[in-house]
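A.B. asks:
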Amino acid sequence: MVDRADLELSIRKQCELLSLNRSLFYYKPAGESSLNLELMRMIDEIHLLDPSLGSPRMRETLCRLGYGVSVNRIERLMRIMGIRASYPLPKTSNKNADHHLFPYLLKGLKIVRPCQVWCADITYIPVEDGFFYLVAIMDCYSRYILAWELSNSMETQFCLDALSTAVNNSKPEIFNTDQGSQFTSHRFIEALTAKQIQPSQDGKGRFIDNIFIERLWRSLKYEEVYAYCYSDGQAAYKGIRKWINRYNQIRPHQSLNYYTPEEVHFGLPKKQITLPEYRKFFL
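Numbering-wise (the working numbering), the sequence shown opens with residue 6 and increments by one.
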């Protein structure tokens, strides 16, 4: 609401009219310390290896690795990263009246074709001086990544942007997510129901309910993110884009009878590729 370009009203006068302390206008939040960024990177990898660790056991594990930090710090960092232990927590039946919560629809369901079920999730992406969040939307049958977005915040909009891209040419019958606030928000649920898509949500703390995309995060991080240690968001975007292109187009999956996700999703035969064409996916 404060306009720096206003020639008639100074910033001081604008702040007075808005009953806003001028120091708040100039305030720039401090980023996480180098130690916290290092801890977040460690927490991320440990969580991939053992999703059952809550903040107390995560803190104990980090202490054994030489990081003497408090459980309060670990709890705060895990909250920033959107990481939770996989076991059910107390009072999980208490629902937020402001959020839409839906039952888990995949139990006992046989997924037998593309666009029957899509799933989505958010993960933490470390860079040299900070971190970003990555959302991806996957077709559960073909493992094809339909859309993804990178953001420096956990706001709902980047999830809506990914959804908009994904439904541009097709839509699923069921869309499965966890109970993260981005996916239970009114805006996200309305975007699904407007397309006649049934929302489905995991049980709270049950990462196994969305196992397909959890496996994707493991592959992405060990093959790409941890290997290249991105300097900034631009480097992260380029690296993730190349990896997802490889994943979709040339990476054969044993569970797909060694077809690629793209071939299964679009019903294509196994394609022949030359070595120079293959090399381009890595350069």
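Note that CB positions come from ideal geometry on N, CA and C, so glycine has one too.
1) Verify whether the separation of the beta carbon atoms of V132 and A167 is less than 8 Å.
2) If you draw a straight line from the C-alpha of D237 to the C-alpha of V230, how long is it?
3) Would the stretch 241-260 and the stretch 167-179 be scored as touching if the rule is three or more Cβ pairs under 8 Å?
4) Do N253 and T265 come within 8 Å of each other at the CB atom, strictly closer than that value?
5) Report yes or no: do the stretch 116-136 and the stretch 149-168 share at least 3 C-beta pairs separated by less than 8 Å?
6) Would you call the stretch 17-24 and the stretch 47-64 in contact, with 3 or more CB pairs under 8 Å?
7) By how many angstroms is the C-alpha of G244 removed from the C-alpha of L155?
8) Is the separation between the beta-carbon of F188 and that of A125 shorter than 8 Å?
9) Name the two residues that bound the continuous beta strand (DSSP E) containing Y129.
10) Using alpha carbons as the reference points, say which of I130, Q184 and F286 lies closest to W222.
11) Can you give the beta carbon distance from L67 to L44, rounded, assuming they're within the 8 Å contact cut?
12) Please classify E154: does DSSP put it in a helix, a strand, or coil?
13) Could you tell me which of L110, R84 and F136 sits nearest to E302, measuring between CA atoms?
14) In the DSSP assignment, find the unbroken beta strand (DSSP E) run with F287 in it and report its ends.
15) Buried or exposed for S169, please, with buried defined as at least 16 other CB atoms from any protein chain shown within 10 angstroms of its CB.
16) Could you check if K226 is buried or exposed, using at least 16 other CB atoms within 10 Å of its CB as the buried criterion?
17) From S75 to P108, what distance separates their C-alpha atoms?
18) Run through DSSP, which three-state label would A199 get?
19) Within 10 angstroms of the Cβ of I4, are there 16 or more other Cβ atoms? Answer buried if so, exposed if not.
20) So E178 and Q162 are supposed to be a Cβ contact under 8 Å. How far apart are they, rounded?
21) Nearest to R220 by alpha carbon, out of S190, A199, Y138 and P56?
22) Can you tell me which of E160, M159, S158 and W123 puts its alpha carbon nearest to the alpha carbon of I142?
23) Rounded to the nearest angstrom, what separates P61 and M86 at their Cα positions?
24) Tell me, which residues are paired with F204 by DSSP?
25) Give the secondary structure of I142 by DSSP, where H, G and I count as helix, E and B as strand, and everything else as coil.
26) For F107, does the three-state DSSP call read helix, strand or coil?
27) Just reading off the alpha helix (DSSP H) that M83 is part of, what are its end residues?
C.D. replies: Short version:
1) For the purposes of this step, residue 132 is taken as the residue at position 127 of the sequence shown. For the purposes of this step, residue 167 is taken as the residue at position 162 of the sequence shown. Not in contact: V132 and A167 (Cβ atoms no closer than 8 Å).
2) Stepping through the sequence shown from its first residue, residue 237 is reached at position 232. Stepping through the sequence shown from its first residue, residue 230 is reached at position 225. Cα to Cα, the separation comes out at about 12 Å.
3) no
4) For the purposes of this step, residue 265 is taken as residue 260 along the sequence shown, with counting starting at 1. For the purposes of this step, residue 253 is taken as residue 248 along the sequence shown, with counting starting at 1. Yes, these two residues count as a Cβ contact at 8 Å.
5) yes
6) no
7) The residue given as residue 155 occupies position 150 in the sequence shown. The residue given as residue 244 occupies position 239 in the sequence shown. So the two alpha carbons sit approximately 12 Å from each other.
8) Position 183 of the sequence shown holds residue 188. Position 120 of the sequence shown holds residue 125. Yes; because the gap between Cβ atoms is below 8 Å, this pair is in contact.
9) Within the sequence shown, the letter at position 124 stands for residue 129. Note, Y129: beta strand (DSSP E), V122 to V132.
10) In the sequence shown, residue 222 corresponds to position 217, counting from 1. When each option's Cα is compared against that of W222, the closest is I130.
11) By 1-based counting over the sequence shown, the position of residue 67 is 62. By 1-based counting over the sequence shown, the position of residue 44 is 39. Correct: roughly 7 Å between the Cβ atoms.
12) As a first step, residue 154 is located in the sequence shown; it is residue number 149 there, counting from the start. In this structure, E154 counts as strand in the three-state DSSP scheme.
13) In the structure as shown, the chain begins at 6 and stops at 288. Residue 302 is therefore absent and cannot be evaluated.
14) Counting from 1 along the sequence shown, the entry for residue 287 is found at position 282. F287 -> no beta strand (DSSP E), and no H or E assigned at all.
15) Translated into positions along the sequence shown, residue 169 becomes position 164. Per the 10 Å Cβ criterion, exposed.
16) Against the sequence shown, residue 226 aligns to sequence position 221. With 16 or more Cβ atoms within 10 Å of its Cβ, K226 is classed as buried.
17) One-based indexing of the sequence shown puts residue 75 at position 70. One-based indexing of the sequence shown puts residue 108 at position 103. Approximately 36 Å between the Cα atoms of the pair.
18) If you number the sequence shown from 1, residue 199 lands on position 194. Helix at A199.
19) What is shown of the chain runs 6 to 288, which leaves residue 4 out entirely.
20) Position 173 of the sequence shown, counting from 1, holds the residue named residue 178. Position 157 of the sequence shown, counting from 1, holds the residue named residue 162. Incorrect: roughly 25 Å between the Cβ atoms, too far for contact.
21) Working through the sequence shown from its first residue, we reach residue 220 at position 215. Closest by alpha carbon: P56.
22) Working through the sequence shown from its first residue, we reach residue 142 at position 137. Checking every option, the nearest Cα to that of I142 belongs to W123.
23) The residue you call residue 61 lines up with position 56 of the sequence shown. The residue you call residue 86 lines up with position 81 of the sequence shown. The alpha-carbon atoms of P61 and M86 are separated by roughly 16 Å.
24) Along the sequence shown, read from residue 1 onward, the residue named residue 204 stands at position 199. Here residue 204 is Pro; the residue named in the question, Phe, does not match the sequence. In the DSSP output, where bridge partners are listed per residue, P204 has F180.
25) Counting from 1 along the sequence shown, the entry for residue 142 is found at position 137. I142 falls in the strand class under three-state DSSP.
26) Here residue 107 is taken as the residue at index 102 of the sequence shown, counted from 1. Coil at F107, not helix or strand.
27) For the purposes of this step, residue 83 is taken as the residue at position 78 of the sequence shown. Counting along the chain, the alpha helix (DSSP H) containing M83 begins and ends at V76 to M86.
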